[in-house]
C-alpha cells in the first residue's frame with residue numbers, strides 16, 4: 057500500500073465512516089464514528105452539523121495516520137439526501153440540520169399538493185409532492201422560525217457542507233437537486249418560478265455539480281483540522297444511497313439493492329430515465345444509468361430505538377439470538393415500522409409505528425422479531441410495485457449495518473421469496489464515494505471497475521416452510537395500514553394539543 061489512494065467520507069444518519077481505497081487492493085483502512093440523531097418532537101429528525109465536522113476531523117486524522125505519507129490523491133464525500141443545512145453569509149450554521157426523513161411539515165406538504173399540477177410536478181421532477189421535498193420544509197421554517205429563513209444565505213446538504221469545509225467552495229451534488237422537488241431533471245436546471253413560490257432567494261442554492269466533478273482542493277485550514285494533504289482534489293460526491301448502489305455493484309438493469317441503514321432503501325437499477333410516481337427517482341453515479349428509489353423513513357433507527365427504549369439497551373446480537381428462537385410470524389404480532397412517518401410508497405408523514413396482536417404471553421423477542429419482519433414487509437411492498445410496473449428483478453443484494461444480522465437477512469429472503477446476496481465489508485457508501493473521487497482524478501478509467509470491490513459475503517435462500525405464514529403476515533401488514541391510516545391524523549392532533 058503505497059498509493060495513490062482515494063478517501064471516501066460517509067456522513068450517515070447515525071454515524072460517520074471514512075475509508076481509504078487502493079485501486080489494486082480495495083479498501084485498505086477504515087474508521088467509524090457515531091453521531092446523534094435527535095427527534096425532540098414527533099416526526100422530527102435533526103442532527104448537528106458541527107458534530108459531523110468534528111467526527112469527520114477526528115476520523116480522518118485517525119485514518120490518515122494509518123496511511124503512507126503522500127499517498128492521498130483524491131477525496132469524496134457522501135451523505136443522506138436531501139438533508140437541509142442552513143447557513144448565514146459567513147458560513148455559520150443557523151440551526152440543527154433537518155434530515156430527509158423529518159416529517160414535521162405535513163401541513164406544508166398538503167399545501168404544496170394543493171398548489172401544483174401533479175402531472176406537471178411529476179413530469180419535471182420525477183416525483184410527487186412529499187415530506188422529503190425542500191419546499192414544504194422551507195415553508196415550515198418560514199412559519200415557525202422566520203428569523204432563520206431571513207438569515208439564510210446558503211442552503212446545502214450534509215455532504216455538500218463537509219465538502220465546503222474541506223475546500224471553501226459551495227456546491228450541490230446533482231442528486232440533492234434531483235430529490236429537492238425544485239429541479240427539472242430533464243433540463244438540469246432549477247425551476248425559477250417554483251423557487252419564487254417557495255420563497256427561496258436566488259443564490260441561496262449553490263451550483264449543481266456532477267458526482268465526479270472536482271469542485272476544489274483541500275484548504276490549508278482543512279488540512280490542519282483533518283491531516284489531509286493541502287491541495288488534494290475534492291469531488292462533488294454522491295448521495296449515500298446512490299454511492300451504496302455503486303459500491304454494491306448495481307450496474308445492470310434489474311439489479312436491486314436492499315439497504316439496511318438508519319432508513320431503509322430499495323434501489324432498482326434502470327437504463328431508462330422513466331420515473332414512477334410511487335418511488336423517488338435518482339441518477340446513478342454511472343452516467344447513463346438511473347435508480348428507481350424506494351425509501352423507508354425508519355429501518356435501523358427503529359431497531360436501535362427498540363433496543364434502547366424497550367429492551368433496556370440490550371445488544372442487538374442478544375436480541376437477534378432471542379428472536380431467532382421465535383418462529384416466523386412473530387407469534388401473530390404484525391408491526392408497522394412508520395416511526396418517522398413514511399415516505400415511499402405511501403407518502404404519509406402522519407403514519408405511526410404500530411404493534412398489532414400483542415398478548416400477555418409475548419416477550420420482547422416476539423416484538424423485536426416483528427420489527428425486523430415489518431421492515432422486510434416494507435421492502436416486499438416496493439418489490440410488488442416494481443413488478444406491477446414491468447420491472448423484472450435480476451438479483452437482490454443487501455448492504456449496510458442491518459445486513460450483518462443473519463437473522464434479518466434470512467427473514468428478508470423468506471418474506472421476499474428471493475435469494476438475498478449480502479455484499480461483504482462495511483465500507484458501503486464510503487467506498488462508493490472514494491471510487492467516485494478516484495474516477496474524478498483518473499485513478500480509475502472505467503466505472504465498471506467498481507465491481508472488483510463488490511464481493512458477496514453470503515447468500516440467503518428463502519425457506520419454503522415459511523412462505524405461507526409470511527404471505528399471511530404481509531397481507532395483514534398491508535391491511536393494517538389501510539385500516540389505521542384514517543386514525544393517524546387524530547393521533548397527531550392529540551399530540552399537538554398536548555404541546
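Residue numbers (this note's numbering): 57 to 555.
We treat Cβ as the ideally placed atom computed from N, Cα and C, and that holds for glycine.
Check: From what residue to what residue does the beta strand (DSSP E) around residue 223 run?
Finding: Your numbering for residue 223 matches position 167 in the chain shown. From DSSP, residue 223 is part of no beta strand (DSSP E) but of the alpha helix (DSSP H) over 214 to 223.
Item checked: Cβ-based neighbour list, residue 525, same chain, cut-off 7 Å, excluding 5 preceding and 5 following -> Here residue 525 corresponds to residue number 469 of the chain shown, with the count starting at 1. Cβ within range, chain order: 384 and 385.
Check: Anyone know if the C-beta pair for residue 303 and residue 488 falls short of 8 Å?
Finding: Working through the chain shown from its first residue, we reach residue 303 at position 247. Working through the chain shown from its first residue, we reach residue 488 at position 432. Closer than 8 Å, so yes.
Item checked: Burial state of residue 220, where buried means 16 or more other Cβ atoms lie within 10 Å -> Counted from its first residue, the chain shown places residue 220 at position 164. Result: buried.
Checklist line | Residue environment, residue 459, which counts as buried when at least 16 other CB atoms sit within 10 Å | finding: The sequence position of residue 459 within the chain shown is 403, counting from 1. Counting C-beta atoms within 10 angstroms of its own C-beta, residue 459 has 16 or more neighbours from the protein chains shown and is therefore classed as buried.
Notebook entry, point to check: By DSSP, does residue 335 sit in helix, in strand, or in coil?
Noted result: Locating residue 335 in the chain shown gives position 279, counting from the first residue. Residue 335: coil per DSSP, three-state reduction.
Check: Buried or exposed: residue 229, going by 16 or more other Cβ atoms within 10 Å of its Cβ?
Finding: Against the chain shown, residue 229 aligns to sequence position 173. With 16 or more other Cβ atoms within 10 Å, it is buried.
Item checked: Own chain, CB closer than 7 Å to residue 339, minus 5 neighbours either side, in chain order -> Numbered from 1 along the chain shown, position 283 holds the residue referred to as residue 339. Cβ within range, chain order: 230, 231, 234 and 346.
Check: DSSP on residue 350, reduced to helix/strand/coil?
Finding: If you number the chain shown from 1, residue 350 lands on position 294. Correct three-state label for residue 350: strand.
Check: What span of residues does the alpha helix (DSSP H) with residue 488 cover, start to end?
Finding: Here residue 488 refers to the residue found at position 432 of the chain shown. Where residue 488 is concerned, the enclosing alpha helix (DSSP H) stretches over 484 to 497.
Checklist line | Extent of the continuous alpha helix (DSSP H) run through residue 422 | finding: One-based indexing of the chain shown puts residue 422 at position 366. First-last of the alpha helix (DSSP H) with residue 422: 420 to 444.
Margin query: Going by beta-carbon coordinates alone, are residue 455 and residue 300 separated by less than 8 Å?
Written below: The residue given as residue 455 occupies position 399 in the chain shown. The residue given as residue 300 occupies position 244 in the chain shown. A contact, by the Cβ cut-off of 8 Å.
Checklist line | Close beta carbons around residue 73, own chain, < 6 Å, minus the five adjacent residues each side | finding: Residue numbering aside, residue 73 sits at position 17 when the chain shown is read from its first letter. So the qualifying residues of the chain are 66, 88 and 486.
Next item on the list: Could you check which residue in 356, 156, 243 and 500 has the C-alpha nearest to that of residue 138?
Entry: Walking along the chain shown from the start, residue 138 turns up at place 82. When only C-alpha atoms are compared, the closest one is 156.
Margin query: Please give the ranges of any beta strand (DSSP E) in the stretch 249 to 336, keeping only runs that are unbroken, at least 3 residues long and fully inside the region.
Written below: Complete beta strand (DSSP E) runs here, min 3: 270 to 273, 289 to 291, 311 to 316 and 320 to 326.
Next item on the list: On a CA-only basis, which of 491, 535, 545 and 548 is nearest residue 81? Give me that one, please.
Entry: Here residue 81 refers to the residue found at position 25 of the chain shown. Nearest of 491, 535, 545 and 548 to residue 81, Cα basis: 491.
Next item on the list: Could you tell me which of 438, 170 and 266 sits nearest to residue 344, measuring between CA atoms?
Entry: For the purposes of this step, residue 344 is taken as residue 288 along the chain shown, with counting starting at 1. Measuring from the Cα of residue 344, the nearest candidate turns out to be 266.
Next item on the list: Pick helix, strand or coil for residue 246, following the three-state DSSP scheme.
Entry: In the chain shown, the residue the question calls residue 246 occupies position 190. Residue 246 falls in the strand class under three-state DSSP.
Next item on the list: Counting only the same chain and skipping the five closest in sequence on each side, list residues whose C-beta sits under 6 Å from that of residue 94.
Entry: The residue given as residue 94 occupies position 38 in the chain shown. Around residue 94: 102.
Next item on the list: Using 10 angstroms around the beta-carbon of residue 504, count the other beta-carbons present and answer buried if the total reaches 16, otherwise exposed.
Entry: Numbered from 1 along the chain shown, position 448 holds the residue referred to as residue 504. Classification of residue 504: exposed, given that the 10 Å Cβ count is below 16.
Next item on the list: Pull up the distance between the alpha-carbon of residue 225 and that of residue 314, whole angstroms please.
Entry: As a first step, residue 225 must be located in the chain shown, where it is residue number 169. As a first step, residue 314 must be located in the chain shown, where it is residue number 258. Those two C-alpha atoms are separated by around 34 Å.
Item checked: Delimiting residues of the alpha helix (DSSP H) encompassing residue 389 -> Position 333 of the chain shown, counting from 1, holds the residue named residue 389. Per DSSP, residue 389 belongs to no alpha helix (DSSP H) and is neither H nor E.
Next item on the list: Enumerate in chain order the residues of its own chain whose CB-to-CB distance from residue 470 is below 6 Å, with the five nearest sequence positions on each side excluded.
Entry: Counted from its first residue, the chain shown places residue 470 at position 414. Contacts found: 518, 519, 522 and 526.
Item checked: Identified DSSP bridge partners for residue 168 -> As a first step, residue 168 must be located in the chain shown, where it is residue number 112. Partner(s): none; residue 168 has no beta bridge.
Margin query: With a threshold of 8 Å, are at least 3 pairs of Cβ atoms found where one atom belongs to the stretch 201 to 210 and the other to the stretch 274 to 283?
Written below: no
Item checked: Paired residues, beta bridge with residue 86 - DSSP -> Working through the chain shown from its first residue, we reach residue 86 at position 30. Looking at the DSSP assignment, residue 86 forms a beta bridge with 75.
Item checked: Length of the line joining the Cα atoms of residue 516 and residue 464 -> Here residue 516 corresponds to residue number 460 of the chain shown, with the count starting at 1. Here residue 464 corresponds to residue number 408 of the chain shown, with the count starting at 1. Using only the alpha carbons, I get a separation of about 10 Å.
Check: Run through DSSP, which three-state label would residue 402 get?
Finding: Walking along the chain shown from the start, residue 402 turns up at place 346. Here residue 402 sits in coil by DSSP.
Item checked: Under the three-state DSSP convention, the category residue 238 falls into -> Translated into positions along the chain shown, residue 238 becomes position 182. If DSSP states are grouped into helix, strand and coil, residue 238 belongs with coil.
Next item on the list: For residue 399, count neighbouring C-beta atoms within 10 Å of its own C-beta (all shown protein chains included) and say buried if the count is 16 or more, exposed if not.
Entry: Translated into positions along the chain shown, residue 399 becomes position 343. Counting Cβ neighbours within 10 Å, residue 399 comes out buried, since at least 16 surround it.
Check: So which of 427, 260, 440 and 359 has the shortest CA-CA distance to residue 146?
Finding: Residue numbering aside, residue 146 sits at position 90 when the chain shown is read from its first letter. Closest by alpha carbon: 260.
Checklist line | Inter-residue spacing [alpha-carbon to alpha-carbon] between residue 312 and residue 341 | finding: Indexing the chain shown from 1 puts residue 312 at position 256. Indexing the chain shown from 1 puts residue 341 at position 285. Distance between the alpha carbons of residue 312 and residue 341 is about 15 Å.
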